[in-house]
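The structure under discussion appears below in the form of structure tokens.
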Amino acid sequence: VANTVTVGSLTIPAMIKLGYKKHFAAAVEAASSTGGQVTPPIMGAAAFLMIEFLELPYTTIILAAIVPAFMHFFGVFMQVHFEAKRTGLRGLRPDEMPDVVEALKRDWPTIIPLVVLIGVLLSGYTPYMAAFWGITLCILVGLLNPRRRMSVADIVTCLRDGAKYALAVGAAAATVGIVVGVVTLTGVGFKLSYIVTSTAGHLSLLFGTFIPEAIFSAQGLTLLFTLIMTGVVCILMGCGIPTTANYIIMVTIAAPALVMLGTEPIVAHFFVFYYGLLADITPPVALAAYAAAGMAGADPFKTGNTAFRLGMGKALVPFVFVFSPSLLLVTKDFTWPNFFLAFFGCVLGITCLGAALSRYLLVRTRPWENVLLVFAALLLVAPELYSSLLGVALLVPVLLRHWNARHTEEAQPV
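In our numbering, the protein residues as written are 255 to 668.
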């Protein structure tokens, strides 16, 4: 939410000026801002808790987050692109773009704390040491930078705000600690995991009769239904509570069910982490979307629905890296062939889904094409090679029609 408000004060008016509808501009900012916590090298607080839970170095967490973070922003980018093409919007002209070289010449000292912070983290030091040097250099640069010199009052304000935010996170973590203790001592977590996996097993038996083994195995179906139930619970738990608190609760309750089905712990933790973040753009409690709507003067519910649509790629990606762990780069079964197969399948799947939701690919889509694109997206992100080939087969007639339409009079002017 803080990211949405801070960055949105600049980006939302710029998008509205270019012709984007108010609710769409606000939704783009909200959907993009939720990706900040999962984007390396500086991730959200929950990522640092992941270090403690998994006993892994921060560099491993950074590597694992690279591709999923890219997929999230790629999904938002493609839908914004399709929306702009469908409605005939333009981008910024060269004279409207800021001069990057001039900006670097003017404000290059402000980059020093970020570079040092990342360098300390990648050198193997603790996050606490990285934070210490980052804060220290921020103060020094602020005091010595002649263009943007900070006063002592500014520094005191920053320290006060930092302490206020730390208290909020600390209170949430302390409260969650009680929940974790109760779950651990009573064994409720294991019971819930058993209930989830048992229910998923029954659902896989029910639907397994309709789905060919070549597309989804019985074990894969069980894991799929477990992921769906876990994702829904993560979103519900994330409604209105901090991401860090939601992550701790869900790691204690839901992650064991995924591990029981053979999922690697780091994969299970990332799944829970990503779906907890999705709550910020999922109606009816989409806090980031509502904050952006207030800044844009747009309808909050319309903004929330649009933000959720833009973030649908983020909802697909966790399923992909659970079924194809090579996408995280650091898993035990990592191989380059599996990585590239999962990567390109995910890219195509997210593109198809974005086209269906935006009703535009190369030209405006027709209703039957939207149906094909949705099914193609689901098949392309599925783990089996046969399902990916079937997804490509569904995509071919849509591409042929659009390719012909762009070169004939059927192509509608956008």
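Glycine residues also receive a C-beta, built at the ideal position from the N, C-alpha and C atoms.
When the alpha-carbon of Leu-581 is set against those of Ala-609, Leu-541, Leu-564 and Val-635, the nearest one is in Val-635. Ala-279 is the residue among Ser-447, Asn-624, Ala-279 and Phe-302 whose C-alpha sits nearest the C-alpha of Ala-268. Using a Cβ-Cβ distance cut-off of 8 Å, the region 496-510 and the region 296-313 are in contact, since at least three pairs of beta carbons, one from each stretch, lie closer than that value.
Taking C-alpha positions only, Tyr-379 is separated from Val-370 by approximately 12 Å. Taking a cut-off of 8 Å for Cβ pairs, the region 584-594 and the region 333-349 do not touch, as fewer than three such pairs fall below it. In terms of CA proximity to Ala-630, Val-650 leads the group Pro-621, Pro-367, Tyr-614 and Val-650.
If you compare the alpha carbons of Gly-273, Ile-482 and Ala-428 with that of Phe-573, the shortest gap goes to Ile-482.
Contact check between the region 531-548 and the region 281-296: three or more CB pairs, one atom from each, fall below 8 Å, which counts as touching.
Per DSSP, the beta bridge partners of Arg-618 are Tyr-614. One thing to note: Val-601 has its Cβ no nearer than 8 Å to the Cβ of His-656.
If you draw a straight line from the Cα of Thr-451 to the Cα of Val-625, it is about 31 Å long.
Contact between Thr-258 and Ala-569 fails: their C-beta atoms lie close to 19 Å from each other, not under 8 Å.
In the DSSP assignment, Ser-405 falls outside any alpha helix (DSSP H), carrying neither H nor E. One thing to note: Thr-288 has its Cβ no nearer than 8 Å to the Cβ of Ile-604. A distance below 8 Å between beta-carbons, with the five flanking residues on each side excluded, links Gly-396 to the following residues of its chain, in chain order: Arg-402, Arg-403, Met-404, Asp-408 and Ile-409. Its Cα nearest to that of Ile-372, the residue Ile-296 stands out among Ile-296, Thr-411 and Asn-399. Met-297 carries a coil assignment under DSSP once its states are collapsed to helix, strand and coil. Between Gly-345 and the set Asn-399, Cys-412, Trp-387 and Ile-270, the nearest pair of CA atoms involves Ile-270. In the displayed model, Phe-597 falls within a helix according to three-state DSSP.
If you compare the alpha carbons of Ile-489, Gly-455 and Val-486 with that of Gly-474, the shortest gap goes to Gly-455. For the pair Val-576 and Ile-520, the CB atoms are not nearer than the 8 Å cut-off. C-alpha of Val-652 to C-alpha of Phe-307: approximately 46 Å in a straight line. With a beta-carbon spacing of about 34 Å, Gly-516 and Pro-537 fall beyond the 8 Å limit used to define contacts. Comparing alpha carbon positions, the residue from Ala-425, Thr-476, Leu-460 and Gly-645 closest to Ile-449 is Thr-476.
For Val-292, the number of other beta carbons within 10 angstroms of its own is at least 16, and it is reported as buried. DSSP, read as helix, strand or coil, puts Val-635 in coil. Annotated three-state conformation of His-661 is coil, per DSSP.
Sequence-distant Cβ neighbours of Asn-399 in its own chain, meaning closer than 6 Å and more than five residues away, are Pro-363.
Check the Cα spacing between Leu-368 and each of Ala-550, Arg-347 and Thr-390: the tightest is with Thr-390. Here Ala-552 carries a coil assignment [DSSP, helix/strand/coil]. By the criterion of a C-beta distance shorter than 7 Å, Thr-480 is surrounded in its chain by Val-450, Thr-451, Ala-454, Ala-511, Leu-512 and Leu-515, once the five residues flanking it on both sides are discounted.
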